[in-house]
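Number of protein chains: 2
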Amino acid sequence: MKFIHTSDWHIGRQLHNQSLLDDQRFVLNQIVELAKTRDVDAVVVAGDIYDRSIPPAAAVALLDEVVNRLVNELKIPLIMIAGNHDGHERLGFASRQMNDSGLHIIGPLTQEVRPIELKGKQGNAMFYGLPYADPATVRHVFDCEVSTHEEAMAKLLEQVSEHDSQGLPKIVVSHCFLDGGSESESERPLSIGGADKVSPKLFNAFNYTALGHLHGPQYKGAEHVRYSGSMLKYSFSEQHQNKSVTLVELDRDGKASFELLPLTAMRDVRIIEGLLADLLEAGKTDLNREDYLMVRLSDKTAILDAMGKLRSVYPNVLHLERTGLMSEGSKVELSRDHIKKGEFDMFTDFFTQVSGEPMTEAQKLAMTSAIDELHKVERTS
Amino acid sequence: MKFIHTSDWHIGRQLHNQSLLDDQRFVLNQIVELAKTRDVDAVVVAGDIYDRSIPPAAAVALLDEVVNRLVNELKIPLIMIAGNHDGHERLGFASRQMNDSGLHIIGPLTQEVRPIELKGKQGNAMFYGLPYADPATVRHVFDCEVSTHEEAMAKLLEQVSEHDSQGLPKIVVSHCFLDGGSESESERPLSIGGADKVSPKLFNAFNYTALGHLHGPQYKGAEHVRYSGSMLKYSFSEQHQNKSVTLVELDRDGKASFELLPLTAMRDVRIIEGLLADLLEAGKTDLNREDYLMVRLSDKTAILDAMGKLRSVYPNVLHLERTGLMSEGSKVELSRDHIKKGEFDMFTDFFTQVSGEPMTEAQKLAMTSAIDELHKVERTS
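Line by line, the protein sequences give chains C and V. The first sequence begins at 821 in my numbering and counts up by one. The second sequence begins at 821 in my numbering and counts up by one.
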């Protein structure tokens, strides 16, 4: 069994208000090409297919194109699970009517695990797609007592362990945050306060686990418990990541081996720093001046329309920082602002700034539950 | 070939802010039952599956249930086309992957007509599903000159006429406004100013035309060019309509015969009139007091909390009119307000009321194009 593991396509996502649809089409075409040239038996997408529960119509049309090429033209089966960004009901509509075509979408969580058996040229395998599910959802669907993400995942995996795969290797597809994983700025937290972490050990017993959620390719605990990472850089904090899909091959004993197949973006996402004059000069010969750029200007003097000047050379400057005008302390602060802060921290800052008082414990608690609720509503609306 | 023709499900629609999802599930279950007991070869839904281009998740889940029962459990093929209320890209996602299951969804308009051949116990037939398409869409897709809905439809039907159906009867499925058709308040106009009308003659040559858009069951021009009407009353102006699905049977010569199979609503939609005291008294023995009601009170005196009193007996009063307090003139005016006015008329009234001046021709033109544009954006967003 040989397949491509990818995740976090986030079709329809914007970067600093810039639509990425053309960039996404460009890299999705590469994934289709890789599936073809590497002659894989399947493509697996481990959640966050779309960026929002209600994706724009153009994003739906792009995914439709990709599905038609892979499933109808190349006859390569495609397995997709809903991630925390996806609308589970919307994504899962009519999925039972698609299965025979080779398109397998796992939308809302259901009580019974429905494994997908795929034929491979070198042997078959059983895929267990687990859509993203927070503890409340698992409690509701299974009518059981779980309060952490770890307990919820253990509950779901129990079914996988108990299922008789008729001797076939078991491949789990899941969307969660493994304890110890490296975050970047562009993943929306699964819960506030760290209760979203799941031990990698839960997945040890399976032949392979194809994970989604974290945007940098990595494995945790064991080599066969892996994140493929996103297909594009979705924030400047990912500027040094190398994006790829993971080619997974199971040998006759069900042991997995891996190869990272690099993806090339139509435009890179990167940060450039220096004096305005130097950057403008360098831009003249910069073959990649159409990249999406964050520019950090070290000039210490006022500059009229710095953004306009930069964009005349680098058309896709998305963000400008005047680091030369900041004290060392504020520079660190700003970079932390951009790179690390989630909704809760941003609101706490805002609250303190506006009210002049830090939030009380009761207020923090109210805010935490409001944010959780909003994420839930967004997922199911 | 024997099939059920239905249309204008409008799943997710509200009536005066009241969710109709339970009512819709109730009547959809009847349609499924009728398909089963009448042993039909197919069910055809002629557009406006959902009420909005972005239906609520619960509406998507309900349609998924219906599709699973019909297509997977009963093995009855289902053909659905996008109407003017539907989001074509969203509805059409992965439709190529569903066809083999017996689920046929015709989403966005494409250049080539893709007929669906269905097997019937008494003979096969060829179904031509034409999604709702305004003249601008037809111009864009076919790169041709059409400016009215009539010309646009003629262009689409040209393909149907030219297609070689191998001797099989041709059944057209379309969503449009036939000239002479009877409107009710709950259909959104296809265009402003009457340019949306299509001659029934265009459809004469086909063995049957299954139409959607108008909510009352009716035929125009010829008996085999038919609207099935909506499955529920979606406005008080439809109170006297009898809702049904149309059972269509083609004989060996391809000639169609019809039977209207009545649908029963969980709660009826109706208007009651009289003095408050009389209505409250009558309500005590009214077995249908849970119906959705518009109440017209003929009392000529002030009444404290009339709505509260009515709802203690009729829990689903959705609208109250104090006709007893109105002069004859304003009564007629009000009823026209509720029953007939589209967005344009409502805005004109509002404008006149606020500005004290009637709209100029230029202002009317601007408003017309703004409304058209909004409908277009809603359909494609």
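Glycine residues also receive a C-beta, built at the ideal position from the N, C-alpha and C atoms.
Going by alpha carbons, who is nearest to residue i out of the options?
| i | options | result |
| --- | --- | --- |
| ILE851 of chain C | C:LEU938, C:PRO1020, C:ASP1098, C:ILE896 | C:ILE896 |
| THR1121 of chain V | V:TYR1134, V:SER1132, V:ARG1142 | V:ARG1142 |
| GLU1003 of chain C | C:PRO928, C:LEU1034, C:MET821 | C:LEU1034 |
| ALA862 of chain V | V:THR1168, V:PHE823, V:LEU1070, V:TYR1054 | V:PHE823 |
| GLN834 of chain C | C:HIS825, C:GLY867, C:PRO875, C:LYS856 | C:PRO875 |
| THR826 of chain V | V:PHE1078, V:ALA877, V:ARG1199, V:GLU909 | V:PHE1078 |
| LEU1095 of chain V | V:ARG959, V:LYS856, V:LEU1081, V:ILE1123 | V:ILE1123 |
| PHE1164 of chain V | V:THR1105, V:SER1189, V:ARG959 | V:SER1189 |
| GLY949 of chain C | C:GLU937, C:GLU965, C:ARG1008, C:ILE926 | C:ILE926 |
| ASP1111 of chain C | C:LYS1104, C:MET1086, C:SER1118 | C:MET1086 |
| ASN944 of chain V | V:GLN986, V:GLU909, V:ARG910 | V:GLN986 |
| LEU988 of chain V | V:ASN1024, V:GLY1049, V:PHE947, V:LEU1100 | V:PHE947 |
Under a CB-based cut-off of 9 Å, is residue i close to chain C?
| i | result |
| --- | --- |
| ILE874 of chain V | yes |
| HIS908 of chain V | yes |
| PRO951 of chain V | no |
| LEU938 of chain V | no |
| SER827 of chain V | no |
| ASN888 of chain V | yes |
| GLU1153 of chain V | Note that GLU1153 of chain V has pLDDT 48, beneath the 50 cutoff, so the model's placement of it is unreliable and the number below is only indicative. It does not: the Cβ of GLU1153 of chain V has no partner Cβ on chain C nearer than 9 Å. |
| ASP871 of chain V | no |
Looking at the secondary structure, which residues open and close the beta strand (DSSP E) in which residue i lies?
| i | result |
| --- | --- |
| ILE899 of chain C | 898-901 |
| MET1114 of chain C | 1112-1117 |
| ARG1046 of chain V | 1045-1047 |
| SER1064 of chain V | 1064-1070 |
| THR826 of chain V | 822-826 |
| ALA862 of chain C | 862-865 |
| LEU990 of chain C | Checking the sequence shown, residue 990 of chain C turns out to be Lys, not Leu. That run of the beta strand (DSSP E) goes 990-995. |
| ILE926 of chain V | 923-926 |
With a threshold of 16 other CB atoms inside 10 Å of the CB of residue i, please say whether the residue is buried or exposed.
| i | result |
| --- | --- |
| ARG934 of chain C | exposed |
| GLN1185 of chain V | Sequence inspection shows Leu at residue 1185 of chain V; the Gln mentioned does not correspond to that position. The residue is exposed, with fewer than 16 neighbouring Cβ atoms inside 10 Å. |
| CYS1169 of chain C | Before going on, a small fix: residue 1169 of chain C reads as Asp here, not Cys. So ASP1169 of chain C ends up on the exposed side. |
| PRO1135 of chain C | exposed |
| GLN844 of chain C | buried |
| LYS1075 of chain C | exposed |
| LYS990 of chain C | buried |
| LEU1107 of chain V | exposed |
| GLY832 of chain V | buried |
| GLN917 of chain V | buried |
| GLY922 of chain C | buried |
| THR1029 of chain C | buried |
What span of residues does the alpha helix (DSSP H) with residue i cover, start to end?
| i | result |
| --- | --- |
| MET1086 of chain V | Where MET1086 of chain V is concerned, there is no enclosing alpha helix (DSSP H), given that its DSSP letter is neither H nor E. |
| MET918 of chain V | 915-918 |
| THR1029 of chain V | Careful: THR1029 of chain V lies outside any alpha helix (DSSP H), inside the beta strand (DSSP E) at 1028-1032. |
| ALA878 of chain V | 877-887 |
| GLY1103 of chain C | 1096-1104 |
| ILE869 of chain C | Here ILE869 of chain C belongs to no alpha helix (DSSP H), and DSSP marks it neither H nor E. |
| GLY1128 of chain C | 1126-1133 |
Expressed to the nearest angstrom, what Euclidean distance is found between the alpha-carbon atoms of residue i and residue j?
| i | j | result |
| --- | --- | --- |
| VAL1068 of chain C | ILE901 of chain C | 18 Å |
| GLY1000 of chain V | HIS969 of chain V | 15 Å |
| MET764 of chain C | LEU1052 of chain V | For chain C, the structure presents residues 821 to 1201; residue 764 of chain C sits outside this window and is missing. |
| PHE846 of chain V | SER1064 of chain V | 14 Å |
| VAL961 of chain C | LEU1145 of chain V | 54 Å |
| ARG1090 of chain C | ALA879 of chain V | 42 Å |
| LYS1160 of chain C | LEU898 of chain V | Reliability of the predicted coordinates at LYS1160 of chain C is poor, the pLDDT of 47 falling under 50, and the value obtained from them is presented with this limitation in mind. Straight-line Cα distance between these residues: approximately 49 Å. |
| GLU1193 of chain C | GLN1038 of chain C | 30 Å |
| GLN1183 of chain V | ALA953 of chain V | 27 Å |
| ALA1015 of chain C | GLN979 of chain C | 23 Å |
| ASP868 of chain V | ASN904 of chain V | 6 Å |
| LEU929 of chain V | ASP920 of chain C | 25 Å |
| SER994 of chain V | LEU976 of chain V | 10 Å |
| GLN1061 of chain C | ARG1131 of chain C | 25 Å |
| GLY940 of chain V | ASP859 of chain V | 10 Å |
| ALA866 of chain C | GLU1005 of chain V | 46 Å |
| LEU938 of chain V | GLU885 of chain C | 26 Å |
| ASP984 of chain V | ILE936 of chain V | 12 Å |
| PHE1056 of chain V | GLU1093 of chain V | 13 Å |
| TYR1047 of chain C | PRO1178 of chain C | 38 Å |
| VAL1115 of chain C | MET1127 of chain C | 9 Å |
Answer with yes or no whether the minimum CB distance from residue i to chain V is below 9 Å.
| i | result |
| --- | --- |
| ALA881 of chain C | yes |
| GLN771 of chain C | Outside the displayed span of chain C (821 to 1201) sits residue 771 of chain C, for which this structure offers no information. |
| LEU923 of chain C | yes |
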